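Visitor: Here the numbering used here is used: the first residue of the sequence shown is 10, the next is one more, and so on.
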Amino acid sequence: MIYYVIGIEIFLFYIINNYTKTRILSEKVLAVIAILEMIVLAGLRSYEVGNDTLAYVQSFQSYAQYGNYGIGERFEPGYQALTRIVTVINKDPRVFILITSIIIYMGFYIFIKWNSNSVLLSVLIFYLIFFCNSLNVSRQYLAAVIAVNCIDFIKDKKYIKALIIIFVAGMFHVTALIYLSVVFAGITRKNNKWILAFLGVSAVFLVFSNQVISVLLKLFPSYGFYFRMQIYQNSGEIGKLTLLMLGFTITAVFMIFNKKSNRAYDITTFSLDDGLIIETKIMIMACAVGILASRYLMINRVAEMLNIFIILLIPNILGRLNAKVRFISEIVIVFILGIYMYTVINYGNIGVYPYKFM
10 MIYYVIGIEI
20 FLFYIINNYT
30 KTRILSEKVL
40 AVIAILEMIV
50 LAGLRSYEVG
60 NDTLAYVQSF
70 QSYAQYGNYG
80 IGERFEPGYQ
90 ALTRIVTVIN
100 KDPRVFILIT
110 SIIIYMGFYI
120 FIKWNSNSVL
130 LSVLIFYLIF
140 FCNSLNVSRQ
150 YLAAVIAVNC
160 IDFIKDKKYI
170 KALIIIFVAG
180 MFHVTALIYL
190 SVVFAGITRK
200 NNKWILAFLG
210 VSAVFLVFSN
220 QVISVLLKLF
230 PSYGFYFRMQ
240 IYQNSGEIGK
250 LTLLMLGFTI
260 TAVFMIFNKK
270 SNRAYDITTF
280 SLDDGLIIET
290 KIMIMACAVG
300 ILASRYLMIN
310 RVAEMLNIFI
320 ILLIPNILGR
330 LNAKVRFISE
340 IVIVFILGIY
350 MYTVINYGNI
360 GVYPYKFM
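1) Please return the same chain residues whose Cβ sits closer than 6 angstroms to the Cβ of Gly347, not counting the five positions on each side in sequence.
2) Bridge partners of Arg3, per DSSP?
3) Is the stretch 155 to 164 touching the stretch 323 to 342, taking contact as three or more C-beta pairs under 8 angstroms?
4) Mark Arg335 as exposed unless 16 or more other C-beta atoms lie within 10 angstroms of its C-beta, in which case mark it buried.
5) What is the DSSP secondary structure of Arg54, counted as helix, strand or coil?
6) Looking at the strands, I want to know which residues DSSP matches up with Phe318.
7) Could you pull the start and end residues of the alpha helix (DSSP H) that Met350 belongs to?
8) Between the stretch 37 to 46 and the stretch 114 to 121, can you find at least three pairs of beta-carbon atoms closer than 8 angstroms?
9) Report the rounded CA-to-CA distance for Lys100 versus Ser68, giving the unit in angstroms.
10) Please return the same chain residues whose Cβ sits closer than 6 angstroms to the Cβ of Ala178, not counting the five positions on each side in sequence.
11) Closest to Cys141 by C-alpha separation, out of Gly16, Lys333, Gly284, would be which residue?
12) CB-CB under 6 angstroms to Leu53, same chain, minus the five flanking residues each way: which ones, in chain order?
13) At the level of alpha carbons, what is the spacing between Asn26 and Ile19?
14) Which class does Phe84 belong to by DSSP, given the choice of helix, strand or coil?
15) Within 10 angstroms of its Cβ, does Thr29 collect 16 or more other Cβ (buried), or is it exposed?
16) Expressed to the nearest angstrom, what Euclidean distance is found between the alpha-carbon atoms of Ile187 and Gly299?
17) Beta carbon of Leu45: closer than 8 angstroms to some heavy atom of the ligand ZN?
18) Check the C-beta distance from Ser131 over to Pro363 and give it rounded, since I have them as a contact under 8 angstroms.
19) Within a Cβ cutoff of 7 angstroms, which residues of the same chain sit near Phe22, ignoring the five residues on either side of it in sequence?
20) Have a look at Asn126, Ile108, Ile24, Ile169 and flag the residue whose alpha-carbon is nearest the alpha-carbon of Ser147.
21) I'd like the list of long-range same chain contacts for Ser127, defined as Cβ closer than 6 angstroms, with 5 residues on each side in sequence excluded.
22) Going by beta-carbon coordinates alone, are Ile291 and Val191 separated by less than 9 angstroms?
23) Assign Asn355 to one of two classes, buried (16 or more other C-beta atoms within 10 Å of its C-beta) or exposed (fewer than that).
24) From the DSSP output, read off the bridge partner residues of Phe366.
25) Using only CA atoms, which one of Lys164, Met180, Val183 lies nearest to Ile196?
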């Protein structure tokens, strides 16, 4: 129940602040309040909340007590280094969970504040789509919150710095290396014909998906066991399908509407700013990887890395619609994402329900 209460609260904050004469607080202050609630919920959760939480705790305890990581030896070096640093501060695993939660959610808030047209709406979308899973795979979200910040360097054409950010993120979770494709999205020409090119490349990627998976497993053999685990054969199929459909819908809306009217335009000439074109390319890649995840559900973790940009893409698209269409679109999207969150909590295998404090 607590998950839904916070989601409804953030949604009401957004609606009241943007569509009534009552202004509770500034949008950024309300967004910070929502982020602090996420930090409390994640940082003070029981070790039973999230399938991987106990593994993180045991790994931390093993290093704190014996100087080795035990089951955490397979963790990437960046995550192991963070573990060492925290043990210097405090050897209590609860402190470790709290610190990682602060890094993840404050990091995403900063990313949103710098890149979104509507900070509070982006925070709401992040909560509905990603919060529950972040309780399960914290290590991946530590990598993600580092990797997403490559986008600012890409927009400024500082590609070497972007690559450094991505490789640092990859030291926390190897799936962050998918952001190398984001660099490619930024380097390619920023016009709409390249959006069509990305659609074509994504289609080819899907056709040769078996070969791609074989190569990846040879490069990263330690991840092979995930493909053999039953949990990845049935984990919230309805939720993943819902999010995938939303991704296609958002991309389609982006191509059809502009801020002056609802008239359809030729997507090869439709004028868009560079940031939105990059975000759209990323969303196309995310949809392609999402389709692949329906066959190899472990790939869903890779898709999730790219899907994070939907927290920017939706508000940045909706800002181009007139007020009436924007309001209706927001209601529909939040409703769809509410269904997605419900399916993840109740039908997924991420172990976040029922919620328990420490």
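Even glycine gets a Cβ: it sits at the ideal position worked out from N, Cα and C.
These figures come from a predicted structure and were not determined experimentally.
Guide: With the given structure in hand:
1) Excluding positions up to five away in sequence, the list is empty.
2) Lying before the first or after the last residue shown, residue 3 is absent from the chain, which here runs from 10 to 367.
3) The stretch 323 to 342 and the stretch 155 to 164 do not touch, with fewer than three beta-carbon pairs separated by less than 8 angstroms.
4) Burial call: buried.
5) Note: Arg54 maps to strand in three-state DSSP.
6) Assignment of beta-bridge partners to Phe318 by DSSP yields no partner.
7) Element bounds for Met350: 332 to 356.
8) In short, these stretches touch, since the Cβ pair count reaches three.
9) Their backbone Cα atoms lie some 12 angstroms apart in a straight line.
10) Excluding five sequence positions before and after Ala178, the CB atoms of its chain that fall closer than 6 angstroms to its own CB belong to Ala152, Ile155, Ala156, Ala185, given in chain order.
11) Answer by Cα proximity: Gly16.
12) Cβ-Cβ distances below 6 angstroms link Leu53 to Phe366, Met367 in the same chain, with the five nearest sequence neighbours on each side left out; the list follows chain order.
13) For Asn26 and Ile19, the distance between alpha carbons rounds to 11 angstroms.
14) It is coil, neither helix nor strand.
15) Note on Thr29: under 16 other CB atoms within 10 angstroms of its CB, so exposed under the neighbour-count rule.
16) The straight-line gap from Cα to Cα measures roughly 13 angstroms.
17) Within the structure as shown, the ligand ZN is missing, as the structure has no ligands at all.
18) Taking 8 angstroms as the upper bound for CB-CB distance, Ser131 and Pro363 are not in contact here, some 28 angstroms apart.
19) These residues qualify, in order along the chain: Ile33, Leu39, Leu129.
20) Here the closest residue by C-alpha is Ile108.
21) For Ser127, the CB contacts under 6 angstroms within the same chain, skipping 5 residues up- and downstream, are Pro324 in chain order.
22) Yes; because the gap between Cβ atoms is below 9 angstroms, this pair is in contact.
23) Classification for Asn355: exposed.
24) DSSP links Phe366 through a beta bridge to Arg54.
25) Looking from the CA of Ile196, the closest CA among Lys164, Met180, Val183 belongs to Lys164.
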